[in-house]
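One structure is given here, and the rest of the page talks about it.
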Amino acid sequence: MLESLRVFQKQPGFAAAIVLVLALCTGANSALFTVVNALQLRPLPFPHSEQLVEISVPERRAHLEDVRHVRSIESAGAFLAWNYAITGADGVRMAFSIRVTADLIPLLQIQPVLGRALTRADFGTHVVMIGYGYWKTLGARTDIAGQTLILDGELYSIVGVLPADFFLQVRDAKLIVPDLRISGNTIARLHPGVTAAQAQAEIAALVPSGRAQVTSLSLAFRGNDARPLVLLLATAGFVLLITCANLANLQLVRGLARRREFAIRTAIGATRARLFLQLARESLPLGVAGAALGLLLTRVLHDVILNILPVNIARRLSGADALALDARVLAFTVGICLVTVLLFGLLPALSALRFDIMARLRDAARGSTRERQRFGQILVIVEIALALTLLSGAGLTFKSLIQLQSRYLGFRPEGVLRAMIDFPAARYPGLERKAAHYNEVERRIGGIPGVVSVGIVAPQAFPFGGPRVRGSRFEIFGKPQVEALAEVYAANPAYLDAIRLPLLQGRWFTAADTASRPPVAVLSEIVARRYWGQDECIGQRVRLNSDRPDSIWTTVIGVVGDVRNPVAAQWQPTAYRPFAQTPSISALLMVRASVADPLSLAPSVRRELHAIDATAPEFRIVARLDAAVLDYVSGERFTTTLLGIFAAIGLALAAAGVYGVMRYWVASRTGEIGIRVALGAGRLNVLRLVLGRATFAAACGIAGGLAGAIALRKVMATQLVEVSAVDPVVLSVAAVLIFAVAVLAAWAPAQRASRIDPAEALRTE
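Each number in my numbering corresponds to the 1-based position in the sequence shown with 118 added.
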């Protein structure tokens, strides 16, 4: 090994360049893998988590009653995300929390950091567990158990602190409150040896619809969040392969330059196997050094990735040890090290050791350059193919992002301030009190100069609740056999104008549609067409959220335009109720402004809300509605940005490869080119000779790259919206671009060849 290191002391720049390039590629791959590992591969932080499943019933939430008598289930519970108003020294703040049923925490078998876990006996009492992060913000007091919090105006006692790695879909829940009486996300622990398929069959036989879905909790919680990261990890792997191909070319040139040395060693008794081991020992320190430095860079790259990750993924990685370098990450890094050593060191070594001893001893300079040129050209073709595949992927995701950002969502988000507001439920009991309170909110904010209209809608998810478009079940009067679906929202009379949602038939809500008047509803166009076709739906009666015991029959009074989530492929089936008939303690404000920047109205809105109720918490997530739309595609923007960066790196590496191979080819053919010029070949002929070789390699690489892009079309299709994975325009532009880059990279060597002096070239030969 020391002998190998001494060899590279003669070429420190060469060795340092290889180590640095390998470190960057290894670090990028390891950093991305660490995130994928944390999101998808690491077991859930619950004992025997393989027994945990999530249960869902199509068209409605799964009720605990659905699984109470299922023999394959050991225990079941449910949870629901909730916001509580915490009153502290700094005022009232909303806290993202989780409400749970009596059995949920016991079945998860949580081991608290301090205090105790919630038990079945705690259900309905004023006790809470607090999250690890929230405990830290409270000073990480060791005597926290027994301390009190004021939630929604009522006193609660803290009984324990959740572990740092605890999460139910997200990591940043501040509170766990045992008071869930309605249905939520249902989780069950199966008896040992029972499969999810067995439980699903048993539950399906018990529910009215005859259908149920039982999914492992790991898959249910993690879903497809890491799919873009897996794609980016594969992309980083492509860049690593291109890098290895470039370094292999460098190693091959270096190995061929030492063929006379190898021939002498062979002549005095060294076997080729021994020479191969010698070259392997020379490459191994570079690979190990690159991997070690890459592992050190991983932590730095973690911070970079976390800063640009989409919010829905980043909030899942907020735990202190979420990105720990565990055995799986170390094994992955070691694997990368071995692969890179094999690709950039050992394969060129095999080529360099293929020689005829007597020929090498007679003439070291002339060598088997044709063999090296052939191998080098193959490597360049591979580089171009991989770079084109990357470039095509980047182009497709970029076109998809443009489509997403410019698509019509059914409403006009420009010029609208969006804010989430919450009020303590205890202060506003009953429908009338809640409705009167929000009427005052609309009146006070509507009086602010620059405000055009004040829309109010609940729940707060609208229209960004997620790509789910199935909705909740509703019943059509006289058609009990029809399984109708729609997402249900409550909206005030001004909401239509606030977001510029078009009214297509009938009427929208008015101030007269109060809780004392007959219940009414408005449907979206897709709902009206799907369930009534060409028939008139105005005047029909429907029972929205029909699976809920408090659902009532309402009369359809109008039809409005469809809306959709920015990343959803379909329009969302939607139904609306008057806010005065179904008011909520939490709502979303949509304030349409006449001023250039609606955010400038935020201080005035805050002041008016505080004047209405000084005990209410600060409103949350204040943003322009058009900015919120753009934020919703942050995941696609993140994927496109990184894919574009990797594609640019791959393109630059491919250009460097073409330049290096053509430069070597010109240098090794100086005598031949000199003879051609001496025999009458002009500059144009020489340029055509060199560029022809480069364009041949580019054409072969483009063919391979297009084949790769087509082969990966199913993978790419999962990341695209309204764009074909084999879009001919994108593939054509990518092919033309990489062809042009290859020709430009070969231009300098071609120019050098065209200026060769025949006499000097022949003297050199």
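All C-beta atoms, glycine included, are put in the ideal place defined by N, C-alpha and C.
Whose C-beta lies closer than 8 Å to the C-beta of residue i among residues of the same chain, with five residues either side of it excluded?
i	result
Phe814	none
Ser167	Pro161, Leu335 and Ser336
Ile617	Phe529, Arg530, Pro531, Val534, Gly573, Met708, Arg710 and Leu743
Phe756	Pro346, Ile426, Leu427 and Pro428
Identify whether residue i lies in helix, strand or coil by the three-state DSSP scheme.
i	result
Asp540	strand
Arg345	helix
Leu622	strand
Glu840	coil
Ala773	helix
Ala609	strand
Leu286	strand
Gln599	strand
Gly513	helix
Ser634	coil
Val452	helix
Ala196	strand
Phe214	strand
Arg399	helix
Gln265	coil
Glu726	helix
Leu293	strand
Phe857	helix
Ala432	helix
Leu232	strand
Leu358	helix
Glu532	coil
Tyr526	coil
For residue i, which residues from the same chain have a beta carbon less than 6 Å from its beta carbon, with the 5 sequence-adjacent residues on both sides left out?
i	result
Ala746	Arg536
Thr266	Leu273 and Ser275
Cys362	Thr458, Leu461 and Phe462
Ala576	Ala608, Ser702 and Ala705
Ala871	Val784, Ile791, Val804 and Val808
Gly405	Cys455, Thr458 and Val459
Assuming residue i and residue j are in contact, meaning their beta carbons sit under 8 Å apart, how far apart are those beta carbons, in whole angstroms?
i	j	result
Ala863	Val776	4 Å
Tyr899	Tyr694	Residue 899 lies beyond the range of the chain shown here (119 to 883); nothing can be said about it.
Ile216	Ala133	Actually they are not in contact, since the Cβ atoms of Ile216 and Ala133 sit about 54 Å apart, beyond 8 Å.
Tyr250	Pro281	6 Å
Val674	Gly657	7 Å
Thr692	Ser642	4 Å
Pro735	Val210	4 Å
Gly408	Leu140	3 Å
Let me confirm a value: residue i is counted as buried when at least 16 other C-beta atoms fall within 10 Å, else exposed. Which label applies?
i	result
Lys254	exposed
Glu654	exposed
Thr389	exposed
Thr313	exposed
Leu93	No information on residue 93 is available, as it lies outside the stretch 119 to 883 that the chain covers here.
Phe284	buried
His309	exposed
Glu532	exposed
Phe595	exposed
Gly412	buried
Glu501	buried
His420	buried
Leu849	buried
Pro611	buried
Pro667	exposed
Gly676	buried
Lys832	exposed
Asp845	buried
Gly513	buried
Sorted by chain position, which residues of the same chain lie with C-beta nearer than 7 Å to residue i's C-beta, five sequence neighbours on each side aside?
i	result
Leu522	Pro684, Val685, Val751, Glu754 and Val839
Met476	With a pLDDT of only 49 at Met476, under 50, the local geometry of the prediction cannot be trusted, and the value read off the model is given with reservation. Excluding sequence neighbours, Met476 sits near nothing in its chain.
Arg345	Thr836
Leu286	Phe197 and Ile216
Asn367	Gly494, Leu497, Gly775, Gly778 and Val779
Gln318	Ala330, Gln331 and Val332
Val348	Val154
Compare the C-beta of residue i against all C-beta atoms of chain D and say whether one is closer than 8 Å.
i	result
Phe627	In summary, chain D is missing from the structure at hand, where a single protein chain is found.
As an exercise, report each continuous beta strand (DSSP E) stretch of at least 3 residues that is fully enclosed by the stretch 728 to 758, in chain order. Within the stretch 728 to 758, the runs of beta strand (DSSP E) that reach at least 3 residues and sit entirely inside it are, in chain order, 738 to 742.
Entirely enclosed beta strand (DSSP E) segments - the stretch 653 to 723, minimum 3 residues: If you keep only unbroken beta strand (DSSP E) runs of at least 3 residues inside the stretch 653 to 723, you get 659 to 661, 671 to 678, 692 to 696 and 704 to 711.
Within the stretch 541 to 570, note down every full alpha helix (DSSP H) run reaching 4 residues or more, in order along the chain. Within the stretch 541 to 570, the complete alpha helix (DSSP H) segments at least 4 residues long are 548 to 564, listed from N- to C-terminus.
Give, in chain order, every unbroken run of the alpha helix (DSSP H) that is at least 4 residues long and sits entirely within the stretch 774 to 802. DSSP runs (the alpha helix (DSSP H)) wholly in the stretch 774 to 802: 788 to 796.
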